[in-house]
Amino acid sequence: MLTLARCLLVLAAFTSLTFPVLAASSPLCQPEPKESPAKERAWNEAIARLPSLARSLPSRPDAALLMPVEGVRVAQVANTWNAARPGGLRHAGQDIFARRGTPVRSATRGVVWRIGSSERGGRWVYVLGAGGRRYYYAHLDGVAAGLREGQAVTTSTLLGTVGDSGEAETTPPHLHFAVFDRYDPAGPCRFPALDPLPLLRDRPARAD
Ligand SMILES: [Zn+2]
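Okay, here's the thing in structure tokens:
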């Protein structure tokens, strides 16, 4: 019995040590805002397009993402993943601050999945990347001219510029950058968010 009790103690200590690590890396499922029937239909249609768009992309997710905001280093990003937000929400991404109009380039290769706008995100672009991951670029000042849904992108493709559209209008201009794991039709969440910060790498200076 003594041995069993000791085992349980060790297990308890191990669990308390490892749990915070597990909690930090597990996906965050944010409640989605209520949309009009037309917008909800558009989301469902876009989600239905994911498998065919993913066919041209590798099945293994990118292990590293390039800093999407030009001129910002990863070390300059203050970690706000999972921070409390009004209305009981959590911050399911990272905010990358830069001057309005700073170019935002794709952090990965992929395909533009959706371009749109919403009350919370302002003007935004979603890119579908390898492994079914979706990359969300929000609060844009503007979307790059000519960018269209279905277009293939590389890490040098301009998606838009940093701004304060949507709920960012009371804060300095920044990019809200979020990563959503592969959509699982059987899962409880359409947008399971992953922390982008551990995956981000500095973007080499552009030669041109
Ligand atoms: Zn944000």
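Taking the numbering used here, the leading residue of the sequence shown gets 1174, the next gets one more, and so forth.
Here a beta-carbon is modelled for each residue, glycine too, at the ideal position from N, C-alpha and C.
Everything numeric in this text was worked out from a predicted model, so none of it was measured.
Separation of residue 1327 from residue 1371, as counted between CA atoms: 21 Å
Spatial distance of residue 1224 from residue 1243 (CA atoms): 31 Å
For residue 1246 and residue 1252, the rounded distance between their alpha carbons: The alpha-carbon atoms of residue 1252 and residue 1246 are separated by roughly 13 Å.
Limits of the beta strand (DSSP E) - the one that residue 1297 falls within: 1295 to 1301
7 Å Cβ cutoff met for residue 1231 and residue 1280: no
Pick from 1229, 1208 and 1210 that is closest to residue 1303, judged by C-alpha positions: 1229
Contact test: residue 1268 Cβ vs ligand 1 heavy atom, cutoff 6 Å: yes
For residue 1257: DSSP bridge partner residues: 1263
Candidates 1215, 1203 and 1312, of which the one nearest residue 1345 by Cα: 1312
Stretch pair the stretch 1336 to 1351 + the stretch 1255 to 1272: three plus CB contacts closer than 8 Å: yes
Cβ pair residue 1331, residue 1296 closer than 7 Å: No. Outside cutoff.
Whole-angstrom distance between residue 1356 and residue 1307, CA atom to CA atom: Counting only the Cα atoms, residue 1356 lies some 9 Å from residue 1307.
Buried or exposed (CB count within 10 angstroms, at least 16 for buried), residue 1259: exposed
Residue 1338 burial status per 10 Å Cβ neighbour count (16 or more: buried): buried
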